[in-house]
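K.L.:
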């Protein structure tokens, strides 16, 4: 079987969104992937029945959808790491990641994939903070906090990436194999920063593809001040570990 793109969708209490997001992702990927694709739902034992919905979707579309059930909710980072490992073990050539709540538009998936599969990039970031990108539906305070977080990460780590905290990506499988995934420490949204930072430091080429980010309309955001505090604490530690190394 030729290498295929895998889309990893981490979920926790996304029963209101999962069926629609999988349908939209399938519709977007099918014409862009004549050799096939896989959508991997990584569910952390959601009490709202998300895992059951995922199982039903996998049964209905066994060639395209599968489910990885995790018994403990450990955070976004460990969920993605588990999903990446399954995708790599399954022979993925490219791994895509996105939120499951329509904050990321599934119709942008082919553009991210093309930037890596058909271009010379190793990582494509769906970026809010390049020309053509932006944010819709957010109040002013949240826009300010998001911009400040990206600038903080960029200044501390010293890499020229505008949207370091974004979670809409396409990554060449070779990158994930090279950046020592088991040693990634971040559990919350700092995971996205650490993933990109490691790729840049390894010499891989990162490009930013403009996207419009929208606030979720169904379900509850998983963002919290605890997760933000983790990012503030861990980002300098990433740079320190690099310096010590």
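Numbering (full-length UniProt numbering), first residue to last: 1 to 245. Just so you know, even glycine gets a beta-carbon here, dropped at the ideal spot from N, CA and C.
Using beta-carbon positions only, say whether residue 22 and residue 57 come within less than 8 Å of one another.
P.N.:
yes
K.L.:
Taking 6 Å as the limit between beta carbons, can you name the residues of its chain near residue 37, skipping five residues before and five after?
P.N.:
4, 5 and 29
K.L.:
Whole angstroms is fine: what's the gap from residue 48's alpha carbon to residue 13's?
P.N.:
5 Å
K.L.:
Is the stretch 97 to 115 touching the stretch 167 to 177, taking contact as three or more C-beta pairs under 8 Å?
P.N.:
yes
K.L.:
So what does residue 9 bridge to, in DSSP terms?
P.N.:
41
K.L.:
Which residues in the same chain have their Cβ closer than 6 Å to the Cβ of residue 117, if we skip the five residues on either side of it in sequence?
P.N.:
94
K.L.:
Within the same chain, show all residues whose beta-carbon is closer than 7 Å to that of residue 71, passing over the 5 residues directly before and after it, in chain order.
P.N.:
45
K.L.:
Across which residues does DSSP place residue 96 in a beta bridge pair?
P.N.:
DSSP output for residue 96 lists 7 and 170 as bridge partner(s).
K.L.:
Using DSSP bridges, identify the partner residues of residue 214.
P.N.:
DSSP output for residue 214 lists 136 as bridge partner(s).
K.L.:
The alpha helix (DSSP H) that contains residue 113, what's its start and end?
P.N.:
109 to 117
K.L.:
For residue 11, count neighbouring C-beta atoms within 10 Å of its own C-beta (all shown protein chains included) and say buried if the count is 16 or more, exposed if not.
P.N.:
With 16 or more Cβ atoms within 10 Å of its Cβ, residue 11 is classed as buried.
K.L.:
Locate the beta strand (DSSP E) running through residue 66, then write down its first and last residues.
P.N.:
65 to 69
K.L.:
For residue 121, collect the residues of the same chain with a Cβ closer than 6 Å to its Cβ; drop the 5 residues on either side in sequence, then sort them by chain order.
P.N.:
115, 205 and 207
K.L.:
Which whole-angstrom value describes the C-beta separation of residue 181 and residue 84, a residue pair presumed to lie in contact below a C-beta threshold of 8 Å?
P.N.:
6 Å
K.L.:
With DSSP collapsed to three states, give me the class of residue 125.
P.N.:
For residue 125, the three-state secondary structure derived from DSSP is strand.
K.L.:
Tell me residue 207's beta-bridge partners as DSSP assigns them.
P.N.:
According to DSSP, which records beta bridges pairwise, residue 207 is partnered with 124.
K.L.:
Within 10 Å of its beta-carbon, does residue 31 have 16 or more other beta-carbons around it, so buried, or fewer, so exposed?
P.N.:
exposed
K.L.:
Between residue 213 and residue 80, is the Cβ-Cβ spacing less than 8 Å?
P.N.:
no
K.L.:
Would you kindly work out how many angstroms separate the C-alpha atoms of residue 245 and residue 201, rounded to a whole number?
P.N.:
With a pLDDT of 39 at residue 245, under the threshold of 50, the modelled position of that residue is not reliable, and no figure is offered here.
K.L.:
To the nearest angstrom, how far is the alpha carbon of residue 155 from that of residue 99?
P.N.:
In a straight line, the C-alpha of residue 155 is about 26 Å away from that of residue 99.
K.L.:
Output yes or no for whether 8 Å exceeds the beta carbon distance between residue 153 and residue 175.
P.N.:
no
K.L.:
In whole angstroms, give me the CA-to-CA distance for residue 215 and residue 51.
P.N.:
23 Å
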